[in-house]
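J.: Just so it is clear: in the sequence shown, position 80 is 79 by numbering that gives the first Met the number 0, and no numbers are missing. One structure follows; several queries about it will come next.
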Amino acid sequence: MRPGLSATQIVGASLFANHFASALSPRTTIDDSYDFVIVGGGQAGLVLGARLAEDKNHTVLVLEAGGNGDDYRTRIDTPAYAYFESLWTTPLNWDFYTVAQSNAGNREIEWPRGKVLGGSSAINGLYMTRPGEAEINAWKDMLGDMDGADNWSWESFYAAMRKSENFTAPTDADLIAEAGITWNASQHGSTGPIHTSYPDYTFPEVGYWLTALDNIGLNVSANMYGGQNWGADLSTSCINPSNWTRSYSRSGYLDPLADRGNYDVLANAHVTRLIFTNATSSDKKTASSVEYTTDSGSTTLKVKVNKEVILAGGTIGSPAVLLYSGVGPKDVLSDAGVDLVSELPGVGQHLQDHFVSALPFNENEHVTDLVQSATVKWTTDAETAGSIFYDNGADKNNSKFLTYIDSAVAYVNSTALYGSEISEYQSKFLALIDQYAPNTTYADAVITGYEAIYNTTLKIFDTSMGQIELLFMNSDGNGDIGITAALQHPYSHGRIYINSSDPMDYPVIDPNYLANPADYEILLAGIKIARQLGETSPMSDSLTNETSPGSSVQTDAEWIAWLREEASTEFHPSSTCAMLPEAQGGVVDANLLVYGLTNVRVADASIVPISLSTHLMSSTYGVAEKASEIIRAYYNLASASTPAYSSSNSTTSSSSASTTTKSGGAPSSRGAALSLAWTSLVLVSLHAVVSYGGFV
Numbered sequence: 000m001r002p003g004l005s006a007t008q009i010v011g012a013s014l015f016a017n018h019f020a021s022a023l024s025p026r027t028t029i030d031d032s033y034d035f036v037i038v039g040g041g042q043a044g045l046v047l048g049a050r051l052a053e054d055k056n057h058t059v060l061v062l063e064a065g066g067n068g069d070d071y072r073t074r075i076d077t078p079a080y081a082y083f084e085s086l087w088t089t090p091l092n093w094d095f096y097t098v099a100q101s102n103a104g105n106r107e108i109e110w111p112r113g114k115v116l117g118g119s120s121a122i123n124g125l126y127m128t129r130p131g132e133a134e135i136n137a138w139k140d141m142l143g144d145m146d147g148a149d150n151w152s153w154e155s156f157y158a159a160m161r162k163s164e165n166f167t168a169p170t171d172a173d174l175i176a177e178a179g180i181t182w183n184a185s186q187h188g189s190t191g192p193i194h195t196s197y198p199d200y201t202f203p204e205v206g207y208w209l210t211a212l213d214n215i216g217l218n219v220s221a222n223m224y225g226g227q228n229w230g231a232d233l234s235t236s237c238i239n240p241s242n243w244t245r246s247y248s249r250s251g252y253l254d255p256l257a258d259r260g261n262y263d264v265l266a267n268a269h270v271t272r273l274i275f276t277n278a279t280s281s282d283k284k285t286a287s288s289v290e291y292t293t294d295s296g297s298t299t300l301k302v303k304v305n306k307e308v309i310l311a312g313g314t315i316g317s318p319a320v321l322l323y324s325g326v327g328p329k330d331v332l333s334d335a336g337v338d339l340v341s342e343l344p345g346v347g348q349h350l351q352d353h354f355v356s357a358l359p360f361n362e363n364e365h366v367t368d369l370v371q372s373a374t375v376k377w378t379t380d381a382e383t384a385g386s387i388f389y390d391n392g393a394d395k396n397n398s399k400f401l402t403y404i405d406s407a408v409a410y411v412n413s414t415a416l417y418g419s420e421i422s423e424y425q426s427k428f429l430a431l432i433d434q435y436a437p438n439t440t441y442a443d444a445v446i447t448g449y450e451a452i453y454n455t456t457l458k459i460f461d462t463s464m465g466q467i468e469l470l471f472m473n474s475d476g477n478g479d480i481g482i483t484a485a486l487q488h489p490y491s492h493g494r495i496y497i498n499s500s501d502p503m504d505y506p507v508i509d510p511n512y513l514a515n516p517a518d519y520e521i522l523l524a525g526i527k528i529a530r531q532l533g534e535t536s537p538m539s540d541s542l543t544n545e546t547s548p549g550s551s552v553q554t555d556a557e558w559i560a561w562l563r564e565e566a567s568t569e570f571h572p573s574s575t576c577a578m579l580p581e582a583q584g585g586v587v588d589a590n591l592l593v594y595g596l597t598n599v600r601v602a603d604a605s606i607v608p609i610s611l612s613t614h615l616m617s618s619t620y621g622v623a624e625k626a627s628e629i630i631r632a633y634y635n636l637a638s639a640s641t642p643a644y645s646s647s648n649s650t651t652s653s654s655s656a657s658t659t660t661k662s663g664g665a666p667s668s669r670g671a672a673l674s675l676a677w678t679s680l681v682l683v684s685l686h687a688v689v690s691y692g693g694f695v
């Protein structure tokens, strides 16, 4: 329970009680049952909770395995600390690793994911890029005449992404000119909970980026946020320019909410499985309750489900919950010792990830060398973000400097990669489909789905969509400048599975990197452009000597060998609960309902059936917003709602959650004066500290 307050604390808290008296805070007790139970209080889960709770006659519960993050709030909020005070080494990171990757140096590669209210949106690199129109429409086309397919057209999805956004244009004329920032406000949302803008600090090399790209034929994009995601740009970032803090799903979709009595959020509650009333019948199964633990599995508790369970655990968490609940491939469940409830071969399959020639963020606190893996790097005689921070430069603690994050990007399409040889490469990759499809131990549906995704990826290859993302990085601990390349549409697919019946055991992650030669061929072309860019004026004017991989690497074989040993994840896994026909290894239909279950949906990055050429944050907000609309429309409540969040520019609030307990009655924190005073006290403390808002 919340600690008591001293007299001084109560006096201080009372000064703010009137303003924050209705604030919603993470609970210490919850009810016995809820209409909607959302599994995962990460990026998507908090969107779903806020939106579904807008309908006052429904009750909503979010269960989050991680804590509230309050002990690390300054590090979460400060944009530059995504590099320099990484949260990877804290309890806010699940700290997953892949199995050894046989085509990537036999390495076990780290997969950090957010374990905290807000999920990965609380610890990532703040990029807010968007996918392309052709990609989203390709997704829709894969659904055929499935009911609800129109929800996933570009027009519909574009509106959902904009709904989440509150864009603020930059105002500093000198900064705009130096960085070369351009924008089209009509392509952005202006009333959503998530603030987007640009850092309040920059470097001349950021502007050089755009000019050098133009000099090699990659023009500045005029419509990057309107569906044409190719060319060069400075990405918007999830920064609230009113106070220069990170804007993420907790600060946008939870902290500003009033307590309306129908929405609870429980932190430190690890969901172990779903329980079905008719688990042994041949009918579609209905989830009756959700089992969870607050003490690492020593004891379990249950909360009843009146209407639906919505899984929002992400690309790893959502399939893992289904598998531990007995829903998934029969052979996987049998081998793990989990009783089969509903056979669904596609659960955990179709895993896709952006494989990148860099690991762009610092995985250790206060280290002197920012890990950058296979990035092409140069020494420089220019000041960089890394040299300022690690060498105690004059701006190290400057509030403007602490807003800086690397945001210069470029999306390179197949025309820029291969010119007139596009069709030749397309035919070459097509010839690989049978050779590198999943082996015959996979269900026929999964193989059929792999072929469908592969063929769709080949069609996208012949469009203007980006195949490689280039990123500019100057936050290296050695003060170097780096340029990296990231594969956006992998032809190698992996899977998430379990090898234990204990839900506290981590699932097995096998992205199967570089299994298909098409992937390293495209990545090879991309990394060569990265080097070319660094050798092109005016970017080259600031670079003095290539240090990685160095001039000794020249031949294709040398490049590929280097990539196999150094390349890593761009932290954008997707597709493990793919929205596809069941006959193609799909897990959910176009209304997000899990096949074979009556009242379980999935709504996060795991449902996107193809890898998208973008950082996944904006897309995940779009999935969650669209999912909320679908669910509310199903229950005929959308017309009777009012917004539950505030989109104002006020400083984000924060509240504290203690050890979670199960209660038969309404949450004791509702309306309690002590709770209100404690909430206000925490807000007072946060506002008294100067704080400004690892992976991309």
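The beta carbon of each residue, even a glycine, is placed where N, CA and C say it ideally should be.
In chain order, what residues of the same chain lie with their CB nearer than 6 Å to the CB of I497, ignoring the 5 residues before and after it?
T.: L322, A335 and P506.
J.: To the nearest angstrom, how far is it from the Cα of G44 to the Cα of N544?
T.: When rounded, the distance between both Cα atoms is 46 Å.
J.: Just to confirm my understanding: we take Y96, look at its own chain, exclude 5 residues before and 5 after, and list those with CB closer than 8 Å. What are they?
T.: These residues qualify, in order along the chain: E107, I108, E109, W110 and I508.
J.: DSSP on S536, reduced to helix/strand/coil?
T.: Coil.
J.: Which of the three DSSP states, helix, strand or coil, is assigned to A485?
T.: If DSSP states are grouped into helix, strand and coil, A485 belongs with the strands.
J.: Report all residues from its chain with a CB closer than 7 Å to the CB of A514; omit the five preceding and five following residues, and keep chain order.
T.: The residues are N102, Y435 and S491.
J.: Would you list the one or two residues that DSSP bridges to Q351?
T.: Partner(s): S573.
J.: Would you kindly report the start and end of the unbroken beta strand (DSSP E) that includes N165?
T.: Its beta strand (DSSP E) spans residues E164 to F166.
J.: Using a Cβ-Cβ distance cut-off of 8 Å, determine whether D588 contacts chain C.
T.: Of the protein chains in the structure, only one exists, and it is not chain C.
J.: Helix, strand or coil, according to DSSP, for N590 in the structure here?
T.: Reduced to three states, the DSSP call for N590 is coil.
J.: Taking contact to mean 3 or more Cβ pairs, one atom from each stretch, closer than 8 Å, check whether the region 561-570 and the region 596-606 are in contact.
T.: No, they do not touch.
J.: Nearest to V607 by alpha carbon, out of R72, T128 and W138?
T.: Ranking R72, T128 and W138 by Cα distance to V607 puts W138 first.
J.: For M141, which residues of its own chain have a beta-carbon under 7 Å away from its beta-carbon, when the five flanking residues on both sides are left out?
T.: These residues qualify, in order along the chain: A451, T455, L579 and P608.
J.: Would you check if there are 3 or more beta carbon pairs closer than 8 Å linking the region 236-247 to the region 207-220?
T.: With a cut-off of 8 Å, the region 207-220 and the region 236-247 do not count as touching, because too few Cβ pairs lie within range.
J.: Thinking C-alpha only, which one of D31, K162, G465 and P537 is nearest G525?
T.: Closest option to G525, Cα to Cα, is G465.
J.: Please confirm whether T402 and A79 have their CB atoms less than 8 Å apart.
T.: For T402 and A79, yes; Cβs fall inside 8 Å.
J.: Give the range of the alpha helix (DSSP H) segment to which L469 is assigned.
T.: Element bounds for L469: not the alpha helix (DSSP H) but the beta strand (DSSP E), G465 to M472.
J.: Secondary structure at G584, three-state DSSP: helix, strand or coil?
T.: In the structure shown, G584 sits in coil (DSSP, three-state: anything other than H, G, I, E or B).
J.: Label N635 either buried or exposed according to how many other C-beta atoms from any shown protein chain fall within 10 Å of its C-beta, with 16 as the threshold for buried.
T.: It counts as exposed.
J.: Which two residues bound the contiguous alpha helix (DSSP H) that contains V622?
T.: Where V622 is concerned, the enclosing alpha helix (DSSP H) stretches over M616 to Y633.
J.: What would DSSP say about W110, mapped onto helix, strand or coil?
T.: Strand at W110.
J.: Provide the residue(s) that pair with H269 in DSSP beta bridges, ordered along the chain.
T.: Note: H269 sits in a beta bridge opposite T292.
J.: State the beta-bridge partners of W734 as determined by DSSP.
T.: Any answer about residue 734 is impossible in this case: the structure gives the chain only from 0 up to 695.
J.: To which residues does DSSP link G327 through a beta bridge?
T.: DSSP, once it has assigned bridges, lists E342 as partnering G327.
J.: Does the pairing of the region 151-159 with the region 117-136 give three or more beta-carbon distances under 8 Å?
T.: Short answer: they touch.
J.: I need the straight-line Cα distance from T279 to P502, nearest angstrom please.
T.: Taking the straight line joining both Cα atoms gives about 21 Å.
J.: CA-CA distance, L174 and A602?
T.: If I take the Cα positions, the gap works out to 38 Å.
J.: Among T190, G347, G113 and F570, whose alpha-carbon lies nearest the alpha-carbon of V355?
T.: Ranking T190, G347, G113 and F570 by Cα distance to V355 puts F570 first.
J.: In chain order, what are the residue ranges of uninterrupted beta strand (DSSP E) at least 3 long that sit wholly in the region 177-232?
T.: Fully enclosed beta strand (DSSP E) runs of 3 or longer: 193-195.
J.: Classify E557 as buried or exposed, calling it buried when 16 or more other Cβ atoms lie within 10 Å of its own Cβ.
T.: With fewer than 16 Cβ atoms within 10 Å of its Cβ, E557 is classed as exposed.
J.: By the DSSP assignment, the alpha helix (DSSP H) with V411 in it spans what residues?
T.: Element bounds for V411: not the alpha helix (DSSP H) but the beta strand (DSSP E), A407 to N412.
J.: Do the region 189-206 and the region 423-430 make contact, defined as three or more Cβ pairs closer than 8 Å?
T.: Touching, no, given that fewer than three Cβ pairs across the two stretches are closer than 8 Å.
J.: According to DSSP, simplified to helix, strand and coil, what is Y435?
T.: Of the three classes helix, strand and coil, the one that applies to Y435 here is coil, per DSSP.
J.: With S234 and Q227 assumed to form a contact (beta carbons below 8 Å), what rounded beta-carbon distance in angstroms separates them?
T.: S234 to Q227, Cβ: 15 Å. No contact.
J.: How many Å lie between K395 and F388 at the Cα?
T.: Looking at the two C-alpha atoms, the distance is approximately 5 Å.
J.: What are the partner residues of A286, as DSSP defines its beta bridges?
T.: Bridge partners of A286: F275.
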